[in-house]
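The working numbering numbers the first residue of the sequence shown as 7 and each following residue consecutively.
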Amino acid sequence: MAIADYGPIGGHDVTIGTGLDDLCSADGGQAAAQTIVADEQVVGVIGTSCSGAATAASPLISEAGMVMISGSNTSPALTSDLAGTAGPNYHAGYYRTAHNDLYQGAAAANFALDVLGVGTAAAIHDGDPYTQGLAQAFANAFEAGGGTITGFTAVNKGDTDMVPVLTEVAAGGPELLFFPIFQPEGDFIVQQARDVPGIEAITLMAADGLLNSNYMAIAETEGMYFSGPDIRYGTNYNQSTGQTADAFLAAYNAEWGEDPAAPFWAHSYDATTLLLDAIAAASYDDGGTLVIDRAGVREHLNSVTDYSGIIGLITCDAFGDCGSQKITVIGHADSGDIAASNANVVYEYAPAGSSEGSGDLVAPVIPVRGGTLVMATSQVGAGINHGVASGVGIGNVSSKVFASLVHLDANWEPQPYLAESWEVSEDQMTVTLNLVSGATFHDGAPITSADVKFSIEVVKNNHPFTGMWAPVDSIDTPDDLTVVLNLANPHPALFGSPCQTCLCQSCRSTSWMTARRSTT
């Protein structure tokens with residue numbers, strides 16, 4: 007699609023050659039590269055898809071004087087250690103728009119330490135340059151941040167029984183398991199982990215190798231965290247074609263009937279236009295023949311600075327790292343709604359010097375269900391239902407398990423809560439409350455106007471301050487979301503009362519203590 011969007015170069019059409027499968031392996035990468043360098047019509051390469059394949063393909067492409075730009079390779083070994091030293095698998099002519107996993111490792115470790123608050127972790131890889139490099143980057147950053155790595159181990163590609171390696175992990179007692187590997191091995195880990203004693207409740211975290219719709223559709227992946235590239239592209243556009251993320255996805259969906267399964271589609275699009283720009287800059291027409299200077303293609307790519315891509319601003323360093331390097335962590339909540347999980351960013355990170363900022367850009371507190379809340383109070387209440395009794399000791403507790411129609415702000419002004427709006431008649435004898443749609447009790451039962459009527463009547467008949475509700479002569483419920491209070495006389499203090507009126511679970515079941523407001 008990027009080639010079609012870009013159009014001809016110097017009046018000459020650009021065609022994409024036959025796609026070659028790198029098999030996500032060194033052997034596959036080498037075989038594909040040998041085919042490519044033997045074809046004199048090939049000017050440049052978009053690929054490989056996997057870092058393991060690039061380790062064998064890159065030296066062959068480099069020796070042939072060509073360039074290769076990957077939209078998804080992330081192994082630090084392919085570029086540099088980010089401190090000026092070339093990686094063991096770096097070769098001139100190699101570039102990438104994907105991030106360097108030294109950044110992703112730091113982001114994943116910081117998230118675990120600072121947001122989840124874990125102090126111990128284990129990591130699993132499969133020996134591949136990508137998986138081992140990212141697992142090591144995570145382990146190094148985790149220990150540098152004060153954490154303890156309790157286990158660093160590997161599975162073999164093709165393994166299906168993960169119980170032995172998971173048992174090894176469990177022996178160290180980690181709070182989190184980071185496994186930046188691929189499918190199908192990742193499938194077996196998540197499906198078997200909960201049955202291994204010692205790690206039944208461990209936090210599971212993976213990376214972009216598993217950040218795809220096929221993996222996230224597995225039911226056992228719910229509750230996992232995934233690190234990967236920031237795919238919130240907003241209004242970013244590719245300066246060579248004008249393409250935006252929204253427009254691309256619409257066109258892709260129209261063509262294929264679905265969104266791209268993996269997260270690096272925009273990186274590959276930008277990689278393609280970078281290559282086409284470099285070819286255009288390093289070529290000239292000679293009597294109808296387009297002459298391309300391969301050395302000039304490299305020179306152009308080496309000089310790329312602040313190129314506007316769908317992924318953001320792109321600048322290539324001396325070792326071919328060109329991506330934005332911004333990393334996010336998402337929380338996966340629903341295997342049936344992958345789009346919602348992809349949008350559920352719980353943490354973001356950018357390296358120092360990034361145009362996006364630097365360090366831990368967002369580190370929200372992750373809600374944790376369960377546990378014990380201990381409160382200090384000056385009084386001890388006779389109960390915890392302030393619908394029938396009063397006092398600080400009661401209110402401190404009951405306010406955590408009951409919901410009210412309105413609440414009073416710092417200026418004692420009523421603000422919407424279960425009642426999203428209200429109207430008072432001109433004679434001030436009728437108050438109509440409009441309930442928020444979608445509110446439920448903790449058991450999932452909807453909160454209706456009948457529940458509100460029930461609760462007001464409980465308070466009116468039992469609370470020692472019943473005089474606050476005395477002017478309410480009757481209550482009508484014309485529909486599930488409307489409550490009409492008919493007053494015997496105007497009551498200016500009425501909205502001081504709804505903030506104390508609780509919808510209790512007793513009108514739904516005996517478990518009245520657990521009522522809460524929940525909108526969907």
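Glycine included, C-beta positions come from ideal geometry on N, C-alpha and C.
Bridge partners - residue i, DSSP secondary structure assignment
i	result
P420	L414
V386	Paired residue(s): none; V386 is not in a bridge.
A127	I155 and L182
R304	None; R304 has no bridge partner.
S86	A92
N440	S427 and T488
V161	Beta-bridge pairing links V161 to no other residue.
V73	G50
M211	F184 and Y231
I15	H18
L493	V478
C-beta contact flag for residue i and residue j at 8 Å
i	j	result
M211	F184	yes
D28	T54	yes
G234	L255	no
V394	H469	yes
N348	I237	yes
I195	M230	no
N417	E426	no
L500	V437	yes
A145	A129	yes
Y136	G17	no
W475	V465	yes
A114	E228	no
Q110	L66	no
A176	P203	yes
I344	S461	no
P480	N492	Sequence inspection shows Ser at residue 480; the Pro mentioned does not correspond to that position. Yes.
A277	G13	no
S455	L414	no
I453	L281	no
Selection from the options that minimises the alpha carbon distance to residue i
i	options	result
G240	S404, I316 and V394	I316
S443	D485, G17 and M7	D485
D107	E149, V124 and I333	I333
S309	L296, D299 and C328	C328
G50	S480, S455 and M72	M72
A268	Q47, Q197 and C56	C56
I205	T126, A38, H338 and V43	T126
F232	V43, V352, S86 and H497	V352
S86	T21, H97 and I22	H97
V407	E419, D415 and N391	N391
D165	E149, T483 and G192	G192
I320	T279, G90 and I9	T279
I155	V124, P170 and Y136	V124
A225	G326, S341 and V303	S341
L182	D201, K163, Q198 and L119	L119
N242	A272, P170 and S219	A272
S410	L122, Y423 and D276	Y423
P190	G153, A176 and V161	V161
V478	P170, I42 and K459	K459
L122	S68, G90 and T209	T209
Y101	D323, S405 and P357	D323
G294	V430, A8, D11 and D19	D19
H131	K163, A104, D482 and A39	K163
Check: residue i C-beta below 7 Å from any heavy atom of the ligand MN
i	result
L281	For the structure depicted, the ligand MN is absent and the ligand set is empty, with no information on it obtainable.
Segment limits, alpha helix (DSSP H) that includes residue i
i	result
P484	Careful: P484 lies outside any alpha helix (DSSP H), inside the beta strand (DSSP E) at V478 to D485.
S219	S219 to M222
F188	Run containing F188: none; DSSP gives neither H nor E here.
A547	Outside the modelled stretch of the chain, which goes from 7 to 526, sits residue 547, for which no answer is possible.
G35	A32 to V43
A260	A251 to W262
S78	Where S78 is concerned, there is no enclosing alpha helix (DSSP H), given that its DSSP letter is neither H nor E.
F148	P135 to A150
I344	I344 to A349
T24	Run containing T24: none; DSSP gives neither H nor E here.
First through last residue of the beta strand (DSSP E) which encompasses residue i
i	result
L106	According to the sequence as given, residue 106 is Asn; it is not Leu. N106 -> no beta strand (DSSP E), and no H or E assigned at all.
Y100	Y100 to R102
V51	G50 to I52
I320	G318 to I320
V335	I333 to G337
T295	T295 to I298
S455	Per DSSP, S455 belongs to no beta strand (DSSP E); it is in the alpha helix (DSSP H), S455 to N468.
G315	Y313 to G315
message = Taking 8 Å as the cut-off, does the region 121-141 touch the region 75-89 (at least 3 CB pairs, one atom from each stretch)?
response = Contact between the region 75-89 and the region 121-141 is present: three or more C-beta pairs spanning the two stretches fall below 8 Å.
query = Would the region 274-289 and the region 240-257 be scored as touching if the rule is three or more Cβ pairs under 8 Å?
reply = In short, these stretches touch, since the Cβ pair count reaches three.
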